[in-house]
Amino acid sequence: MKESPETMIADCSLAGGKRTKTNLLFSTEHPTAWHTALCTAHSNIKLGGICKGRQLRIGDETDPDSTRLSINVYYNGTIMIQRTEASLELFEKDFQALKELAEKEKKNPEDSSAISPKTLIGHYQGLSIGIAVYACELMNHGILALVSSIGCMSAGSIQSLADAMHIPHLFIQRAPAGTPRSSCSIIHRLTNEDYTLFVRPPVYLNEVILRVVAEYAWQKFIIFYDTEYDIRGIQDFLDKVSQQGMDVALQKVENNINKMITGMFTTMRIEELNRYRDTLRRAILFMSPSTAKAFISELKRCKRSSVPKNKKKKKKKKKKKKKKKKKK
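For the record, in the sequence shown the residue sitting at position 153 is 153 according to UniProt numbering, with numbers rising by one throughout.
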């Protein structure tokens, strides 16, 4: 629909071999202008919906059903008209006249209904029950997507609202320490309107890592990354540290962390193990929080429990020598 704005299509159902219109749909970049045009063209209107005023109920309840309509004006620019087939056909006849009214509203200098790229940042303080009302106020600006970082209960309310209004909702939950977490099990309505979000700002990420390395004056360090991380995202960083003469090693963390780390600590020689332990003090992890936690815990366990075999033998020899001296 977005490829052909303000071109109406009909959604039909087939029952008993008969095709019946169930609703009409079209998309626009000026939802507020159309909302005004619809309200201007009809005198008997009731406002309703989740966000007050975005659902128009046209016609008196005492009138014949063929003259009544239910029109939903969504904030993403989708407009859906519902009712009986007879009432939908009447709307189709009036569509061109409504389109002309909407065009006049678009030319109004006071109209700011056009959907254009912009960011609205809102800070809400109050009871979680009022968050949906506050989100409605933000949606009145014609937003295309919603990003929130709130509590689980409030996030559930926002998700239900976003599903109803056909607006993508990206929820970012944070722990008290500021790190991301995902303990909220938010249920959203399954639709065919899936979308993909790429969150990978390699430019800023490279700058941050470079600052950290420079701050600690590291000349030699190791980068651990799991199977889900695309290492190409820090290629610029790797090039810069290489140009500055730094020694950086890359090591992929396997799914079986216990087997991987235990294998390394048991197969290394004493000199290699000592060097590796020293390098571990200068390590950067690119992995999920759960994988990083398991990885660090396993490293600590192996470092405590692993004592080189040669050292054990030396300790035994020293004890034997002490016993012999005592006997003499």
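Note that CB positions come from ideal geometry on N, CA and C, so glycine has one too.
Nothing here was measured: the structure is a model prediction, and the numbers come from that model.
DSSP, read as helix, strand or coil, puts Asp226 in coil. For the region 254-305, the full-length alpha helix (DSSP H) segments reaching 4 residues or more read 257-267, 270-279 and 289-305 along the chain.
For Glu85 and Leu170, the gap between their C-alpha atoms comes out near 37 Å.
Taken atom to atom, the span from the alpha-carbon of Asn256 to that of Ala135 is near 44 Å. Leaving aside the five residues that flank Asn76 on each side, the residues in its chain whose CB is nearer than 7 Å to its CB run, in chain order, Leu144, His166 and Ile167. Leu280 counts as exposed, since fewer than 16 other C-beta atoms from the protein chains shown sit within 10 angstroms of its C-beta. Taking a 10 Å sphere around the C-beta of Ser148, we find 16 or more other C-beta atoms and assign the residue as buried. The continuous alpha helix (DSSP H) containing Leu161 extends over residues Cys152 to Met165.
The residues Gly233, Ile234 and Phe237, in chain order, have a CB closer than 8 Å to that of Leu205 in the same chain once the five nearest residues on each side in sequence are set aside. In the three-state scheme derived from DSSP, where H, G and I count as helix and E and B as strand, Ile234 is classed as helix.
Between Ser242 and the set Leu285, Gln219 and Ser297, the nearest pair of CA atoms involves Gln219. The beta carbon of Thr28 sits closer than 7 Å to those of Pro5, Glu6, Trp34, Gly77 and Ile79, all from its chain and outside the five residues before and after it, given in chain order. Judged by pairs of C-beta atoms under 8 Å, the region 223-233 does not touch the region 263-282, as fewer than three such pairs exist. In the DSSP assignment, His30 falls outside any alpha helix (DSSP H) and carries neither an H nor an E. Per DSSP, the continuous alpha helix (DSSP H) segment holding Ser87 begins and ends at Glu85 to Lys106.
Distance from the CA atom of Ala283 to the CA atom of Ile172, rounded to whole angstroms, is 27 Å. The DSSP-derived three-state label of Ala135 is helix. In the DSSP assignment, Leu144 falls outside any beta strand (DSSP E), carrying neither H nor E. For Arg19, the CB contacts under 7 Å within the same chain, skipping 5 residues up- and downstream, are Cys12 in chain order.
Contact between Thr36 and Glu100 fails: their C-beta atoms lie close to 13 Å from each other, not under 8 Å.
Only residues of its own chain outside the window of five on either side were considered, and among them Tyr225 and Tyr229 have a CB closer than 6 Å to the CB of Phe286, listed in chain order.
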